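Peer 1: In the UniProt record's numbering, the protein residues as written are 1 to 101.
By construction, the Cβ of each residue, glycine as well, lies at the ideal position given by its N, Cα and C atoms.
The model shown is predicted, which means the values in this text are computed figures rather than measured ones.
This structure is in structure tokens; I'll ask about it shortly.
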């Protein structure tokens, strides 16, 4: 089974080139790869990009604020001490406790 988004999108692009409709392609991929690999809502967005000539498989940057939390450090601290409070994490890592939540 395909494990990465790039592999799934590569399969999806293959169906596009064969002329399959987006929902059909997404359904076929889910039959083989399992649910959650590509949604019916995502499929038309990728087909639109392909139709516009953008056949790259790189995802577009998302709008909105970037994360101010170093997720790797946060995960490491929580794994080392699962009972650590968000207040303590906030003090050690910088962002507010609400951001860490």
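I believe residue 105 touches residue 6 by the beta-carbon criterion, under 8 Å. Please report the beta-carbon distance rounded to the nearest angstrom.
Peer 2: For the chain, the structure presents residues 1 to 101; residue 105 sits outside this window and is missing.
Peer 1: Between which two residues does the alpha helix (DSSP H) holding residue 45 run?
Peer 2: 42-51
Peer 1: Once the 5 residues before and after residue 10 are set aside, which same chain residues still bring their CB inside 7 Å of it?
Peer 2: 57
Peer 1: Taking the continuous alpha helix (DSSP H) assigned at residue 17, which residues delimit it?
Peer 2: 5-17
Peer 1: Taking C-alpha atoms, which residue in 25, 94, 96 lies nearest to residue 43?
Peer 2: 25
Peer 1: Could you tell me the distance, in whole angstroms, from the CA atom of residue 41 to the CA atom of residue 27?
Peer 2: 12 Å
Peer 1: Which two residues bound the contiguous alpha helix (DSSP H) that contains residue 73?
Peer 2: 71-80
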